[in-house]
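The next block holds one structure in the form of structure tokens; read it before the comments.
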Amino acid sequence: MSVGIVGYGSYVPRHRIKLEEIAKIWGADAPAYKRGLGLREKSVPAPDQDTITMSVEAARRAIVRARIDPARIGAIYIGSESHPYAVKPSGTVVAEALGATPDIHCADLEFACKAGSEGMFVAMALVKANEMDYALGIGADTSQGAPGDALEYSASAGAAAFVFGREHLVAVCEHTYAYMTDTPDFWRREYQFYPRHAGRFTGEPAYFKHVLSCARVLMERSGTKPSDFRWCVFHQPNGKFPQRAARELGFTKEQNDQGLLSPTLGNTYSGSSPMGLTAILDVAKPGDRVLMVSYGSGSGSDGFIWRVTERITEVQDLAVQTRAQLEGSRVYIDYGTYSKFRGKIRMGTE
Amino acid sequence: MRDVAVIGVGMNRWGELWEKSYRQIWTEAALEAIADAGVDRVDALYVGCMSGGLFVGQEHLGALLADQLGMGPIPGTRVESACASGGLAFRQAYLAAASGEHDIVLATGIEKMTDVDGGAATYALSTAADQEYECYHGVTFPGLYAMMARVHMHRYGTTREQLAQVAVKNHAHGLLNPLAQFRSKITVEDVLESVMVADPLRVLDCSPITDGAAAVVLAALPLKGTRRPPVKVVASAAATDTIGLHDRADLAWLRSTEVAAASAYARAGITPADLSFCEVHDCFTIAEVMVIEALGLVERGKGGEAAASGMTALGGRVPVNPSGGLKSKGHPVGATGIAQIREAVLQLRGEAEDRQVQDARWGLTQNMGGTGASSVVHIFGRV
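In order, the protein sequence lines correspond to chains P and C.
Be aware that the first sequence starts at 1, since it is given in the numbering used here, and climbs by one per residue.
Be aware that the second sequence starts at 351, since it is given in the numbering used here, and climbs by one per residue.
Structural data, given as structure tokens:
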């Protein structure tokens, strides 16, 4: 029995801030930062946008492509590190807005940048187990970097949603694998406004160890090699890391470029590699194989091997595509507006 | 005073050693030096470390490391002179052997700097400057060396490209050193386009934050027979200068290095022209330029031309930093002075492999604390 993606959708906020604008405020060397991080600009959520609103937008597009009645969705799992409420689920609001209540199971997930692929993993497993016909997995974040911190150049906003099912698939899931260790490279404790990170420790022993190990074991267990794939997509904390991961695994630039959104999108955390997958599905042809590996600090990676089906061409144009949002109508804001939008200006009365 | 030789050396690969503990890094280097020397005991150990407290929360290193080595109750002494801690620890070990107090002495250095973030590391390093008159005003070491560079450029016409050549040369040397942190070739353009740290110094002008240790075994001469060819400590000298840069008579001159070097040359009975190679404290590119002037390798004000001309490269008149220097090999501050001595010993034994200086006879090491408030100079020769 096959299980996989029936419908997919993404959401990119319209506002952008350029890396130069942030660098200017902090006296940083913009050209060197752009080269070092492989980033040019990033998305910014408007004051009325959050993980819930972006999840609704992305999920609506996924449901349009799935061509199903939302009432048949049996579970909704939203992965995010920026759920608007500490206590009270995002999933209840999103399910209600989609018309998927009340016959539905719901959980909000959190695992730094990996929570989105976790939601996909769990939703798909329940469908595979015949617990329900359809399940929704969403990765969404309005992630924050502390003012002046290196994260401020990358932390952005976006969402990706996937309806999983057993029939009318656009992509069959051929294999999954999850790799996890206790590696504290990035964290945010209760009552802290911004996350903290261990600088360069987030690279070698954290991102690269987990992403590369997950991809290698997944390919070994599935008996595949990089040339068996048309596309690959990795978690994108900046522009550099995913390109190096692809190169070290033996993937070509051409395999990696379609899903590489971070240079102009930034790091959408839980939305990152799931959004990259949507950009791939937007252009994929029947039979294309896709390797996807997420990464979440703490640390772990979820790996998926997707095989695109004939139905893909029927759904690609049913909703707005990811790169169309990324490269379409944009509003550039200055650092002052950005600070206001992101709640970085703290009022004395709060 | 007795004559003293280095009879064993040890060092591990330097870098971001997140998988290894502080004591493990040190013990690996120490055991390698002891094995290299072929001795079954040491009478005392010295350890150069700038700030175990701020970097890993560990002090009381003499006792800790003697214990880790399984050699308690030998005396263990920690020596601190900022980035010159390693060089000064070696000097104390040398004096202990030369004086007749001990026959076989272990001199080591260590720093584990990457367990804290960049801000905390910068703060820890800044404690080597004058807290009241420099640090309180916000200046850090890149800023202080940038000011020294500005003065040197203004007065002597030293160019931005000439500074970059120092980094290019040391990376080319480090490429030949299997234990170096950064084994990568860089170009002048790479340096000039790297991130600005403190104008005019860019990140590729600066030595890195590093975890690492190094160790050497010294023994009083004459020896009954050693496993490896002994290398004689021909001269040992140390000197100080004002701790604050603002108190110097000349911002573009390293008086502590000049004084220590003059004393070392006199003791050794050689001149700068006799040197086969030098290992010097290139914590920033401008530092190497100023150090080779203070050592008398070039005339005052002419240091900028040395790297660009090839004079200080391997194969040049006097290779400077054949190990890759602090820039490429890495700079775990307390270990740096000992690693310089390890390199000198390998060169004089003829064991430096791809980076071997031909017919090496005299080698000089120069280790420096702060902006030159302390300098330690040693000269080594074949026995």
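Think of the CB as a built atom: it goes at the ideal place given N, C-alpha and C, for glycine as much as any other residue.
Keep in mind it's a predicted model, so treat the numbers as computed, not measured.
1) Do the CB positions of residue 595/C and residue 497/C come within less than 9 Å of each other?
2) Using a C-beta cutoff of 9 Å, does residue 29/P count as contacting chain C?
3) In terms of residue numbering, what span does the alpha helix (DSSP H) encompassing residue 292/P cover?
4) Using a C-beta cutoff of 9 Å, does residue 269/P count as contacting chain C?
5) Is DSSP giving residue 414/P helix, strand or coil here?
6) Can you list the residues of chain C that residue 205/P reaches, using a CB-CB cut of under 7 Å?
7) Starting from the N-terminal side, write out each stretch of the alpha helix (DSSP H) that is 4 residues or longer and does not extend beyond the stretch 105 to 165 of chain P.
8) Spatial neighbours of residue 465/C within its chain, please: C-beta separation below 7 Å, excluding the five flanking residues on both sides.
9) Between 171/P, 138/P and 305/P, which lies nearest to residue 282/P when the distance is taken from Cα to Cα?
10) Looking only at C-alpha atoms, which of 24/P, 63/P and 48/P sits nearest to residue 318/P?
11) In this structure, does DSSP put residue 639/C in helix, strand or coil?
12) Would residue 184/P be called buried (16 or more neighbouring beta carbons within 10 Å of its own) or exposed?
13) So does the stretch 290 to 301 of chain P actually touch the stretch 111 to 131 of chain P, counting three or more Cβ pairs closer than 8 Å?
14) Per DSSP, which residues does residue 461/C bridge with? Please list them.
15) Taking the alpha-carbon of residue 149/P as reference, which of 512/C, 530/C and 467/C has the nearest alpha-carbon?
16) Express the C-alpha separation of residue 159/P and residue 220/P in angstroms, rounding to a whole number.
17) How many angstroms separate the CA atom of residue 683/C from the CA atom of residue 81/P?
18) Closer than 8 Å, Cβ to Cβ, to anything on chain P: give me those residues from the stretch 536 to 551 of chain C, in chain order.
19) Give a yes or no on whether 9 Å exceeds the smallest Cβ distance from residue 561/C to chain P.
20) If contact means a Cβ-Cβ distance below 8 Å, which residues of the stretch 178 to 201 of chain P contact chain C?
21) Compare the C-beta of residue 555/C against all C-beta atoms of chain P and say whether one is closer than 9 Å.
22) Which residues, in order along the stretch 460 to 482 of chain C, keep a beta-carbon less than 8 Å from a beta-carbon of chain P?
23) For residue 568/C, which beta-bridge partners are listed by DSSP?
24) Can you pull the DSSP bridge partners for residue 25/P?
25) Among the residues of its own chain, which have a CB less than 6 Å from the CB of residue 412/C, if the five just before and after it don't count?
26) Can you tell me the Cα-Cα spacing of residue 85/P and residue 39/P, whole angstroms?
27) Please tell me whether residue 32/P has its Cβ less than 9 Å away from any Cβ of chain C.
28) At the 9 Å Cβ level, is residue 36/P part of the contact set with chain C, yes or no?
29) Measure how close the beta-carbons of residue 657/C and residue 512/C come, nearest whole angstrom, since I'm counting them as under 8 Å.
30) Got a sec, what are the start and stop residues for the beta strand (DSSP E) residue 670/C sits in?
31) What are the boundary residues of the beta strand (DSSP E) that residue 716/C is part of?
32) Just tell me which of 168/P, 32/P and 49/P has its CA closest to the CA of residue 309/P.
33) Cutting at 6 Å between CB atoms, please list the residues of its own chain near residue 137/P, excluding the five before and the five after it.
34) Find out if the Cβ-Cβ distance for the pair residue 569/C, residue 355/C is shorter than 9 Å.
35) Take residue 590/C and list the residues in its own chain whose beta-carbon comes closer than 7 Å to its own, dropping the five residues that flank it on each side.
Let me spell this out:
1) yes
2) yes
3) It is not in any alpha helix (DSSP H) - residue 292/P instead sits in the beta strand (DSSP E) that spans 289 to 293.
4) no
5) Outside the shown range of chain P (1 to 350) lies residue 414/P, about which nothing can therefore be said.
6) 368
7) 115 to 128
8) Once the five neighbours on either side are set aside, the close Cβ partners of residue 465/C are 405 and 406.
9) 171/P
10) 63/P
11) helix
12) Classified as exposed, residue 184/P has fewer than 16 neighbouring CB atoms from the shown chains inside 10 Å of its CB.
13) Result yes; three or more Cβ-Cβ pairs closer than 8 Å.
14) 562/C
15) 467/C
16) 30 Å
17) 39 Å
18) 543, 544, 545 and 546
19) No - not a single Cβ of chain P is within 9 Å of the one on residue 561/C.
20) 198, 199, 200 and 201
21) no
22) 464, 467 and 468
23) 356/C and 455/C
24) In DSSP, residue 25/P forms no bridge with anything.
25) Same-chain partners within the cutoff: 426, 427 and 428.
26) 30 Å
27) yes
28) Answer yes: the Cβ-Cβ gap between residue 36/P and chain C drops below 9 Å somewhere.
29) 7 Å
30) It is not in any beta strand (DSSP E) - residue 670/C carries neither H nor E in the DSSP assignment.
31) If you look at residue 716/C, you'll find it in the beta strand (DSSP E) that goes 712 to 719.
32) 168/P
33) 77, 119, 120, 123 and 162
34) yes
35) 606, 723 and 724
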